[in-house]
Structures are given as C-alpha cells and as structure tokens.
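**Q** Numbering (the working numbering), first residue to last: 1076 to 1281. C-beta atoms are modelled at their ideal positions from N, C-alpha and C, and glycine is treated no differently.
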C-alpha cells in the first residue's frame, strides 16, 4: 500500500495536521456564569464518527448511545471534557452554533492534556487521493479523514484492527467524505485498503 507521510500539511493550531474541513482548537464557553476553555475538534459539516474504547466510563456509554441515535453522525468532538459533560453540552453546542444532535461527545483527559503529538498521511484509494490527520492527546487518539465511508463500515474497520501495539484508552475517527472516492459501503477491496491504512496508523503511533 502506497502511503506518504506529510509534514506541515494544513497545519492548524501549532503543528497539528488535519485534512481540509477540520479544525482542532481551544474555545471559550460559558456555563453557570463562569467562562472556561475547552478543546474541541470541529468539522465544517456533519461527519461520520466511530470510536473504539478500552475502558467503560460514563462518558463512553453516553457516546455510544448518542451515535446509535444519530447513526454515527456528528460535527464536533470534545477532547478534554470534564466529567458529567452532558450537563452543559447543550449550552456549548449553542455557543458554537451547532444543533444538539451534531455536537458530539465528551472524550479524553478530563481537562488535562499531555504528550501531545500529530502527523498526517496521504493515501491513494483507486486513483483518489485521501488524507488522514492523526492527533494523540495523552492516552486518546483522534483520526480525521476525508474518506467517504458509512458508519457501519467505519465501525467494522475499527473493530477489526489489531490494537496489540497501542497503549491508548480510546481511538476516535471522524470522516468528512469530501475526498471524492467511491463511498465504502461494504466489505470489498476499498474497505480492505482503508482498513490497512488504519492498521498502519495504529501500528506507527509510538
């Protein structure tokens, strides 16, 4: 598989690498009269989102139920949400101008981020150039991509990956579908290429 490591690709917020259409930044929000900072991954449009967790927390249960309700569609993912995030998620979504159902989830480090690292790769899928941006915050991994793929196949790909080399507690992938590739809707050659790319990313995180 022909994959290319990109340096300085669409750099946002320091040396973070993300495909076009995504931004990861720190936002101010107000809750109960207090102003706080929160790091959020936001897409230009609603995306397909899936995640693989290796710990069973209240947030993860909430996230899984949310994605079941929306069939895997969301537009924003919280990186460093505090516990009991859902108590103020609605307020934050309104402040960002998003519908509640598109404002995703409370993932991550409960306000503490360390060991941050980012890189991006370029991948050819049947003649179409696709991109992946990989960001690791503490023990959580966030992957953004412009590949077109359904929620069911994205979830299947994450479940099929071998995680024996990873020490993270969660892997979350957000896909915008803007690459222009033939959408991955079933287990075929395109799906296997996509899955191999994810496996390569996971194997080379550290």
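Give me the Cα-Cα distance between residue 1186 and residue 1213, rounded to the nearest whole angstrom.
**A** With a pLDDT of 45 at residue 1186, under the threshold of 50, the modelled position of that residue is not reliable, and no figure is offered here.
**Q** Could you give the distance in angstroms between the alpha-carbon of residue 1230 and the alpha-carbon of residue 1145?
**A** 14 Å
**Q** Could you check whether residue 1219 and residue 1094 sit closer than 7 Å to each other, using their CB atoms as the reference points?
**A** In this structure, the beta-carbon distance from residue 1094 to residue 1219 falls below 7 Å.
**Q** Kindly confirm or deny that the stretch 1238 to 1245 and the stretch 1113 to 1124 touch, where touching means at least three C-beta pairs closer than 8 Å.
**A** No, the stretch 1238 to 1245 does not touch the stretch 1113 to 1124.
**Q** Do you know whose CA, among 1122, 1197, 1225, lies nearest residue 1150's CA?
**A** 1122
**Q** With DSSP as the reference, label residue 1215 as helix, strand or coil.
**A** Residue 1215: strand per DSSP, three-state reduction.
**Q** So who's on the other strand from residue 1103, going by DSSP bridges?
**A** 1112
**Q** How far does the alpha helix (DSSP H) with residue 1269 in it reach, from first residue to last?
**A** 1264 to 1278
**Q** For residue 1240, count the other beta carbons within 10 Å of its own beta carbon; 16 or more makes it buried, fewer makes it exposed. Which is it?
**A** exposed
**Q** Enumerate, from N- to C-terminal direction, the unbroken alpha helix (DSSP H) stretches of 4 or more residues contained entirely within the stretch 1206 to 1258.
**A** Counting only runs of 4+ residues, the alpha helix (DSSP H) found wholly inside the stretch 1206 to 1258 occupies 1226 to 1235, in chain order.
**Q** Could you check where the beta strand (DSSP E) with residue 1095 kicks off and where it finishes?
**A** That residue, residue 1095, is in no beta strand (DSSP E); it is neither H nor E in DSSP.
**Q** So what does residue 1144 bridge to, in DSSP terms?
**A** For residue 1144, which the question treats as bridged, DSSP gives no partner whatsoever.
**Q** Could you pull the DSSP bridge partners for residue 1124 from this structure?
**A** DSSP lists 1249 as the beta-bridge partner residues of residue 1124.
**Q** List the whole-angstrom C-beta distance separating residue 1224 from residue 1259, where the pair is believed to meet the contact cut-off of C-beta under 8 Å.
**A** 4 Å
**Q** Are residue 1270 and residue 1232 closer than 7 Å when you measure CB to CB?
**A** Taking 7 Å as the cut-off, the Cβ atoms of residue 1270 and residue 1232 count as close.
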